[in-house]
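To convert, note that position 130 of the sequence shown is 144 in my numbering; the numbers rise steadily by one, no gaps.
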Amino acid sequence: MTTVADTLTFDGLLARARAGELGPDPAAQRIAVAFTTRQAVRHEGRGTGYRNEVLSLRLGAAVGSCAVEPGALPDGAVEECVGADVATLLAHPLLPVRVAALDAYLMHVTPHTPEHGARPAALPAGTSLEKSRARAQAVIGLLDVPTGARVLVVGVVNSLLEALRSRGLRYVPCDLKGGRTEWGEAVVVDALAAAGRCDALLVSGMTLGNGTFDPLREHARTYGKQLVAFAQTGSAVLPRLLGHGVSAVCAEPYPFFWLDGGAGVVHRYTGGPEGGR
């Protein structure tokens, strides 16, 4: 049984990586490429759209990523990362840089393979909406809750809400931007306040980059609720938190489904630390 003393947090994981406890000395690993990806989308037949901006760092064959609010990343942040050693970036003052650096390092150390607990789920080629819906099915397939349960969805993705509706699940949509869903439902902005009236949590990896993830993880751990993460941000980070408040992860490293119309893959993780990485 995991106790409070040995429960792992994001900051704890970061500290272990900086100390070299999770792999090779991060001070000896250097980022070769740093880049941002910006996207705006409105799927055909949908009344609303959204924008994405993602910081990505390449370490060897691995790419680590962290989504940010569009325009939030300061000018020069990308240039600061190029050629820098990972240890320096793990201590960077910007949280998204720390997240992307940790993601790249952990992806380098333990890539998404069956040997590390990953189970691949294929995404068929198709339009952005078709691939979004296929990913949604891979994500909600990790939820083990009965019909009629209420799920807190942190990071509103209409395809995920649509998939939950098709399974007869209720949900509370939450996003820091607020607004309304495709079906006109009000989007709450305080995830932790809404968590108490939900039976399970479905949480975007983007919460790592804005500092809201660990309180949700702790809520799930304290109250014995299932927390499923869908992770483009921190796809190699969140599987490390399995058994520490995280129940399952659908990991989607760069390049993401919305970048290409060809076939793709996501990697699903379940179980505690021994079933993850």
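Ideal placement from N, C-alpha and C gives every residue a C-beta, glycine not left out.
Treat the numbers as computed from the prediction; the structure is a model and nothing was measured.
- Contact between leucine 137 and valine 279 holds, with the beta-carbon distance rounding to 6 Å and staying under 8 Å.
- The beta-bridge partner set that DSSP reports for phenylalanine 244 consists of Ser218, Cys264.
- Under the three-state reduction of DSSP, alanine 114 is assigned to helix.
- Annotation: the continuous beta strand (DSSP E) that includes threonine 51 extends over 47-55.
- Within the model, the alpha-carbon separation for leucine 166 versus aspartate 25 is close to 24 Å.
- Around glycine 74, the same chain offers His122 as residues with beta carbons nearer than 7 Å, after the five sequence neighbours per side are excluded.
- If you ignore the 5 residues before and after glutamine 53, its C-beta comes within less than 7 Å of the C-beta of Arg65, Asn66, Trp272, all in its own chain and listed in chain order.
- Taking the C-beta atoms as reference points, serine 70 is found no nearer than 7 Å to threonine 247.
- In the three-state DSSP reduction, aspartate 213 falls in the coil class, being neither helix nor strand.
- When secondary structure is reduced to three states using DSSP, valine 203 falls in the coil class, being assigned neither helix nor strand.
- About 4 Å separates the beta carbon of alanine 135 from that of alanine 152, a gap short enough to meet the 8 Å contact definition.
- About 7 Å separates the CB atoms of leucine 230 and threonine 221; that is less than 8 Å, so the two are in contact.
- Inclusion of valine 217 and alanine 243 in the CB contact set at 7 Å is warranted, their separation being smaller than that value.
- Around the beta-carbon of glycine 219, 16 or more other beta-carbon atoms lie within 10 Å, marking it buried.
- DSSP, reduced to helix, strand and coil, places serine 146 within a helical segment of the structure shown.
- A straight-line Cα-Cα distance of about 16 Å links threonine 226 and histidine 258.
- The alpha-carbon of leucine 104 is positioned some 22 Å away from that of valine 260.
- Taken through DSSP and simplified to helix, strand or coil, valine 153 comes out as helix.
- Bridge pairing for proline 88: absent [DSSP].
- Ranked by how close their Cα comes to the Cα of glutamine 43, the residues Val202, Val92, Thr102 have Thr102 in first place.
- Residue state for aspartate 99 is assigned as strand, using DSSP reduced to three classes.
- Here DSSP, grouped into helix, strand and coil, assigns glutamate 93 to helix.
- Secondary structure at serine 173: helix, using DSSP grouped into helix, strand and coil.
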